[in-house]
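Numbers given in the working numbering equal positions in the sequence shown, counted from 1, plus 71.
No residue lacks a Cβ here, since even glycine has one placed at the ideal position from N, Cα and C.
Small disclaimer: the values here were computed from a predicted structure and weren't measured.
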Amino acid sequence: MLGAGRSPNRTPMTTYPKSHALMQRGAEFLGCEHAVLCGAMSWVSERNLVSAISNAGGFGVIACGAMTPELLDAEIAATRALTDRPFGVNLITMHPQLMELIDVCAKHGVTHVVLAGGIPPKGSVERIKESGAKVIVFAPTLALAKKLLRSGGDALVIEGMEAGGHIGPVSTSVLAQEFLPALAEDHLVFVAGGIGRGEAIAGYLEMGAVGVQLGTRFACATESIAHPDFKKAFFRANARDAVASVQVDPRLPVIPVRALKNKGTEEFTAKQREVAALVDNEGLEMMEAQLQIEHYWAGALRRAVVDGDVENGSLMAGQSVGMVKAEEPVADIMASLMDQCEAALGQRHAKR
Ligand SMILES: Cc1cc2nc3c(=O)[nH]c(=O)nc-3n(C[C@H](O)[C@H](O)[C@H](O)COP(=O)(O)O)c2cc1C
Numbered sequence: 072m073l074g075a076g077r078s079p080n081r082t083p084m085t086t087y088p089k090s091h092a093l094m095q096r097g098a099e100f101l102g103c104e105h106a107v108l109c110g111a112m113s114w115v116s117e118r119n120l121v122s123a124i125s126n127a128g129g130f131g132v133i134a135c136g137a138m139t140p141e142l143l144d145a146e147i148a149a150t151r152a153l154t155d156r157p158f159g160v161n162l163i164t165m166h167p168q169l170m171e172l173i174d175v176c177a178k179h180g181v182t183h184v185v186l187a188g189g190i191p192p193k194g195s196v197e198r199i200k201e202s203g204a205k206v207i208v209f210a211p212t213l214a215l216a217k218k219l220l221r222s223g224g225d226a227l228v229i230e231g232m233e234a235g236g237h238i239g240p241v242s243t244s245v246l247a248q249e250f251l252p253a254l255a256e257d258h259l260v261f262v263a264g265g266i267g268r269g270e271a272i273a274g275y276l277e278m279g280a281v282g283v284q285l286g287t288r289f290a291c292a293t294e295s296i297a298h299p300d301f302k303k304a305f306f307r308a309n310a311r312d313a314v315a316s317v318q319v320d321p322r323l324p325v326i327p328v329r330a331l332k333n334k335g336t337e338e339f340t341a342k343q344r345e346v347a348a349l350v351d352n353e354g355l356e357m358m359e360a361q362l363q364i365e366h367y368w369a370g371a372l373r374r375a376v377v378d379g380d381v382e383n384g385s386l387m388a389g390q391s392v393g394m395v396k397a398e399e400p401v402a403d404i405m406a407s408l409m410d411q412c413e414a415a416l417g418q419r420h421a422k423r
C-alpha cells in the first residue's frame, strides 16, 4: 500500500534485502517496514510529520511534550485519520499528568509508548502494559538500561550527545560500543544521535542494533509544519553550529540541550541564573526549578518552530544538521537513507 506523499514510482521495499534482514526484529516490533523511528520533536512531531513518517514505511512518534490530556487525545485522533499504520506517542516522565496521558493512549489503542526524560515513575510502565502497548525506554547507563529492560521496558533507545534536543554526555559511537555487545542479543536496541546518512545506519545495524532513531534529518521535511524560517536556519547551519547549552550553576542540574547558536542560547544562560536565584533566595524546590527550566525550553522551542523567531527561540538541532540542505518529502528522505544503508551493506559484503 502506498502512503500519503509517497511516489508511486518509488523502488519497491524488496530492494533492501540486507537492510531489512538486519532490521527484521526492529521492524516486527514496531509493525512497520523500515526500523527507522522519527524521534519525537516537540511542536514538530505532530499529526502531519508523524503520519508522513509512518506512511513512508518508518515509525512516527507524536511528541506529547507539555500537552494536556485533551490535546493529546485530539492529536492521536487526527494522526489516525492520516495514517492507518502504527505510530507511537512520546511521554515525558516528569509530566504532572503522566498517568492521565497514559490513559489517553490506552483509550486510542496506541501500540507503542516511548517514555523519555528520566526514570519512569512507579506504576507508569505497568499502566502502559495493562493497555497492551509496548514500552520503549531511554537509558544513559548500561546498568539502568538492564534495570529498565528487566522491569517491563520492551525496547531501548540509546541516544548520543550528537543529537538535537536534550542530551547526555556520551557520544553515540561510544554508547553503541558499550551497550550493543552487552544487550543486542537478548534485547531490542535502537541507536539515535548524529545519524544523517544510511551508511551510519548500516554500521549500527552491523553492530547489533535492530533499528535507528533520527530527529534532525526529518525536522525540515516538506510535511513538517515547522516555520519556513526555522527550516532555513537548518539548511544554512553546519555541524559546529549545533552546540550544547552550558550549566551555569553547579547546584542546578540542568540537562544540556543541543541547539543552533543564537540569542536564545544566551537568554537560556540568563534564565538559569534567574532560577538559581529563586532556589537561593526564595527556597524554590529543585524539582520545581527543573520544571521551570523545562517550561522555558518548551516555550523557546515553540517560538522558533511555530512563530519562526529564529533569533530568540530555541533552534534545537543535532550535529547532523549540516547534512540537511533542502526541504524534501519524508518518503524521499527515507528512500535516500535506505538506499545508502543497502549500498553500504552491499559494498562491505562484496569486499569480504
Ligand atoms: C527540534 C527537536 C525537538 C526534540 N524534542 C524532543 C522531545 O520533545 N522529546 C524527546 O524525547 N526527544 C526530543 N528530541 C530528540 C529526538 O526525538 C531524537 O531522539 C533526536 O533528534 C535524534 O538525534 P538526531 O537529532 O541527531 O537525529 C528533539 C530533537 C529535536 C531536533
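Worksheet item: So, Ala280 versus Val262, is the Cβ gap smaller than 7 Å?
Response: yes
Worksheet item: Quick one: Cα of His237 to Cα of His258, how far?
Response: Distance from the CA atom of His237 to the CA atom of His258, rounded to whole angstroms, is 24 Å.
Worksheet item: Distance, Cα to Cα, Thr150 vs Gln318?
Response: The alpha-carbon separation between Thr150 and Gln318 amounts to approximately 37 Å.
Worksheet entry | Cβ-based burial, Gln343 [other Cβ within 10 Å; buried from 16] | buried
Practice prompt. Measure the alpha-carbon distance for Leu142 versus Met232 and round it to whole angstroms.
Written response: 30 Å
Worksheet entry | Per-residue burial, Ser222 [other beta carbons within 10 Å of its own, 16 or more giving buried] | exposed
Item to complete: Could you round the C-beta distance between Gly264 and Thr243 to whole angstroms and report it? I think they count as a contact, below 8 Å.
Response: 4 Å
Fill in: Closest by C-alpha distance to Leu227, when choosing among Ser202, Ala253, Gly235, Gly203
Ala253
Discussion item. If you follow the beta strand (DSSP E) that Gly269 is in, where does it begin and where does it stop?
Written reply: Unbroken run through Gly269 is the alpha helix (DSSP H), 269-277; no beta strand (DSSP E).
Discussion item. Given this structure, state the Cα-to-Cα distance separating Ala369 from Gly194, to the nearest angstrom.
Written reply: Rounded to whole angstroms, the separation of the alpha carbons of Gly194 and Ala369 is 26 Å.
Discussion item. For a minimum of 4 consecutive residues, which ranges assigned as the alpha helix (DSSP H) are wholly contained in the region 183-233?
Written reply: 195-201, 213-221
Worksheet entry | Ordered list of beta strand (DSSP E) runs contained in the region 319-378, each at least 3 residues | 328-331
Worksheet item: Would the C-beta of Glu230 count as close to ligand 1, meaning under 6 Å from any of its heavy atoms?
Response: yes
Item to complete: Go ahead and pull the three-state DSSP assignment for Cys103.
Response: coil
Practice prompt. Could you tell me which of Ser385, Gln390, Val401 sits nearest to Arg374, measuring between CA atoms?
Written response: Distances from the alpha-carbon of Arg374 to those of Ser385, Gln390, Val401 put Ser385 closest.
Fill in: Own chain partners of Ser125 with C-beta closer than 6 Å, once the 5 adjacent residues on each side are dropped
Within the same chain, Gly131, Thr154, Arg156, Phe158 come within 6 Å of Ser125 by CB-CB distance, once the 5 residues on both sides are set aside.
Worksheet entry | Coarse secondary structure for Cys135, derived from DSSP in three states | Reduced to three states, the DSSP call for Cys135 is coil.
Item to complete: Can you give me the Cβ contacts of Gly286 inside the same chain, cut-off strictly under 6 Å, excluding the 5 residues immediately before and after it?
Response: Gly110, Met112, Gly235
Worksheet item: According to DSSP, is Gly159 helix, strand or coil?
Response: Looking at Gly159 - three-state DSSP - the assignment turns out to be strand.
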